[in-house]
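Protein chains in written order, with the numbering used here: chain Z, 36 to 302; chain C, 36 to 302. For glycine and all other residues, C-beta sits at the position ideal for the given N, C-alpha and C. All of these numbers come straight from a predicted model, not from anything done at the bench.
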DNA sequence: TCAGAAACGATCAAAATCAATCATAAAATT
DNA sequence: AATTTTATGATTGATTTTGATCGTTTCTGA
């Protein structure tokens with residue numbers, strides 16, 4: 036067996052299991068342990084994996100991330116204050132007992148903080164949101180069936196016959212990658228697939244986007260702007276964008292970012 | 036078992052329960068207590084957990100779980116060592132890549148510890164199991180759609196049209212309230228409803244019950260004993276019960292509970 | 001307070017793993 | 001074809017890890 040082939044096997048093995056032993060690979064490749072050690076050492080200096088006593092482990096620690104997915108987290112922290120202010124307004128729209136749908140996303144995730152003292156009927160395809168609400172609220176929580184995608188923390192099924200059909204929401208809350216006159220845009224086809232299903236189950240769509248999203252464009256159009264009943268954004272929105280939204284007949288709610296608590300602003 | 040793998044298990048265990056004992060981990064990892072002490076000391080200086088007398092605790096404060104199911108947790112601690120030994124045998128039946136179904140329950144939940152270093156395709160109606168596997172394993176995780184019941188940590192839908200139908204498992208692992216010649220018994224009608232759906236999606240049923248369950252009777256019969264392919268229990272099972280199981284044509288696996296460390300048994 | 005139990009730290013021997021070396025086989029070069 | 005280079009496997013001794021033991025400390029319950 037050639038060196039490259041062994042390396043391929045080693046790297047693929049290290050992806051599958053958090054740690055692999057020298058012996059495992061030696062057996063797998065029918066090479067001697069000495070050779071495997073050299074291979075691992077070589078891959079280690081190339082940064083393809085990390086060498087540990089007894090074997091090797093993946094460079095990306097696949098392990099516990101408090102919520103789900105590192106990607107989810109970094110993106111979560113950007114514009115966190117804006118997103119939080121927007122989320123507060125979103126929750127303010129809800130009355131006790133309402134049935135609502137929350138589509139997964141970093142902005143909509145912020146809603147959980149304000150939902151903890153509420154009692155609603157929530158359907159969400161976000162595993163992270165469901166987890167948080169189950170633990171920290173009195174709301175009833177419903178999820179669609181399907182596989183859990185760690186990166187986006189989304190539950191998604193390729194099938195049409197899931198319980199999503201049996202849920203009806205007064206409102207559906209969703210974020211997006213970008214908004215323009217052409218409609219609501221997303222970049223991930225996977226996400227769109229799940230969103231489409233939910234959209235049909237709600238009367239009103241409420242879009243949660245920070246003001247930077249009006250400048251962003253993305254590749255895939257989720258739905259036309261007219262389908263959206265309300266957009267909630269922050270006070271960084273431009274007059275042009277404001278007009279664009281209102282021309283489309285969409286209600287606009289602008290959340291003040293610094294206003295909330297600790298009004299110790301420099302004023 | 037290798038150092039990294041042990042560390043993974045320890046961290047995953049400390050996350051699930053606020054505090055874990057040295058013995059628990061020693062049993063879980065089949066390593067000596069001395070080694071676990073060293074591991075904990077090492078993880079302590081790395082700041083991954085906090086070392087306390089008798090074991091370790093999560094570095095993050097226990098985090099109030101007002102509704103996360105206290106019932107679930109207390110019941111979990113009863114017969115924990117037996118349940119864990121049984122769960123170990125259950126996971127040992129699985130081969131890499133297998134598609135399996137895990138029905139929610141306190142005994143089956145113990146399987147997650149041994150699954151953390153495996154890569155399987157898991158379908159489960161237990162929110163707690165799904166949560167743990169998503170965070171601490173590389174297995175693919177699929178859940179049925181429905182409402183989340185906090186008390187049992189179960190996802191349940193009254194509808195028939197969920198994605199459960201689209202999942203097939205080589206084996207289904209389940210616990211139960213009681214076992215007798217009449218069949219497998221449960222007390223909660225809600226649980227039965229969800230279990231019935233899953234049972235039809237698996238070739239083999241594997242029943243995980245500690246030996247006390249053979250004496251317990253319950254009101255509702257889930258399925259006849261003949262439907263079960265394998266029963267895994269602990270070494271407290273009586274000869275009569277053993278015979279009863281074998282007469283029904285069910286394979287019996289007896290997990291040794293105290294076998295692992297400190298073989299200072301009275302011989 | 002005291003005795004027994006449990007947990008701890010230190011120590012040592014055994015086992016596992018590693019690094020270094022060398023001989024051989026394969027590959028590449030001349 | 002001859003020779004150099006490289007890769008591999010085996011061996012040996014060093015290093016690290018592990019498990020068991022023992023004496024000490026800490027906890028627990030009477």
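Determine, using beta carbons only, whether residue 165 of chain C comes closer than 9 Å to chain Z.
Yes, residue 165 of chain C counts as interfacial toward chain Z.
Determine whether the beta carbon atoms of residue 269 of chain Z and residue 292 of chain Z lie at a separation below 9 Å.
yes
If we count Cβ pairs, one from each stretch, closer than 8 Å, do we get three or more for the region 135 to 155 of chain Z versus the region 220 to 237 of chain Z?
yes
Would you mind sorting residue 171 of chain Z into buried or exposed? The rule is 16 or more other CB atoms within 10 Å of its CB.
buried
Under 9 Å, Cβ to Cβ, is there at least one residue of chain C near residue 182 of chain Z?
yes
Measure the C-alpha to C-alpha separation of residue 240 of chain Z and residue 200 of chain C and round it to an integer number of angstroms.
30 Å
Could you pull the start and end residues of the beta strand (DSSP E) that residue 287 of chain C belongs to?
286 to 290
Relative to chain Z, which residues along the region 248 to 277 of chain C have a C-beta separation below 8 Å, given in chain order?
none
Please check if any C-beta of chain C sits within less than 9 Å of the C-beta of residue 190 of chain Z.
Chain C contact via Cβ: present.
Quick one: what's got a C-beta closer than 8 Å to residue 174 of chain C's C-beta in the same chain, skipping five residues either side?
150, 153, 154, 155, 156, 157 and 168
Only counting the same chain, and skipping five residues up and downstream in sequence, which positions put a Cβ closer than 7 Å to that of residue 124 of chain Z?
267, 288 and 290
Which same chain residues, not among the five before or five after residue 248 of chain Z, have their C-beta less than 6 Å away from its C-beta?
213 and 214
Which class does residue 27 of chain C belong to by DSSP, given the choice of helix, strand or coil?
Nothing can be reported for residue 27 of chain C, as the shown portion of chain C is limited to 36 through 302.
State yes or no: is the beta carbon of residue 88 of chain Z nearer than 9 Å to at least one beta carbon in chain C?
By this cut-off, residue 88 of chain Z is an interface position.
Which residues of chain Z have a Cβ atom closer than 7 Å to the Cβ of residue 138 of chain C, listed in chain order?
Contact note: residue 138 of chain C does not reach chain Z at a C-beta cutoff of 7 Å; the least C-beta distance is about 15 Å.
With a threshold of 8 Å on Cβ separation, who are the neighbours of residue 72 of chain Z within its own chain once the five nearest residues in sequence on each side are excluded?
57
Residues in the same chain with beta-carbon distance under 8 Å from residue 254 of chain C, minus the five sequence neighbours each way, listed in chain order, please.
Excluding residues within five positions, the ones whose Cβ falls inside 8 Å are 220 and 222.
Sorted by chain position, which residues of the same chain lie with C-beta nearer than 7 Å to residue 259 of chain Z's C-beta, five sequence neighbours on each side aside?
218
What does residue 201 of chain Z reach in chain C if we use C-beta pairs closer than 7 Å?
194
Is any beta-carbon of chain C found at less than 9 Å from that of residue 123 of chain Z?
Residue 123 of chain Z does not count as touching chain C.
How long is the line joining the alpha carbons of residue 164 of chain C and residue 144 of chain C, rounded to whole angstroms?
6 Å
Would you kindly check if the distance between the Cβ of residue 63 of chain C and the Cβ of residue 265 of chain C is under 9 Å?
no
What is the residue span of the beta strand (DSSP E) that residue 247 of chain C lies within?
For residue 247 of chain C, there is no enclosing beta strand (DSSP E), as DSSP marks it with neither H nor E.
Taking the alpha carbon of residue 66 of chain Z as the point to measure from, which residue in Z/252, Z/210, Z/37 and Z/245 has its own alpha carbon closest?
Taking each of Z/252, Z/210, Z/37 and Z/245 in turn and checking the Cα distance to residue 66 of chain Z, the smallest one comes out for Z/37.
Pull up the DSSP beta-bridge partners for residue 4 of chain C, would you.
Absent from the structure is residue 4 of chain C, since the part of chain C shown begins at 36 and ends at 302.
Going by CA-CA distance only, name the one from Z/272, Z/53 and Z/238 that's closest to residue 121 of chain Z.
Considering only alpha carbons, the answer is Z/272.
Does the CB of residue 73 of chain C have a neighbour CB from chain Z at under 9 Å?
no
Please report the distance separating the alpha-carbon of residue 224 of chain C from that of residue 256 of chain C.
Cα to Cα, the separation comes out at about 10 Å.
By the 10 Å Cβ neighbour count, where 16 or more other Cβ atoms means buried, how is residue 181 of chain C classified, buried or exposed?
buried
Would you say residue 85 of chain C reaches chain Z, if we count a Cβ-Cβ gap shorter than 9 Å as a contact?
Among the residues facing chain Z, residue 85 of chain C is not included, as its CB has no counterpart in that chain under 9 Å away.
Against chain C, with Cβ distances strictly below 9 Å, would residue 47 of chain Z count as a contact?
no
Determine the chain C residues that contact residue 216 of chain Z at a beta-carbon separation under 7 Å, and present them in chain order.
None at all; the shortest Cβ gap to chain C is about 35 Å.
For the beta strand (DSSP E) that residue 36 of chain Z lies in, which residues bound it at each end?
Segment: none, residue 36 of chain Z is in no beta strand (DSSP E) and carries neither H nor E.
In angstroms, rounded to a whole number, what distance separates the CA positions of residue 83 of chain Z and residue 59 of chain Z?
18 Å
Just how far apart, CA to CA, sit residue 162 of chain C and residue 69 of chain Z?
Between the alpha carbons of residue 162 of chain C and residue 69 of chain Z lies a gap of roughly 45 Å.
Under three-state DSSP, which class holds residue 144 of chain Z?
The answer is helix: DSSP assigns residue 144 of chain Z an H, G or I state.
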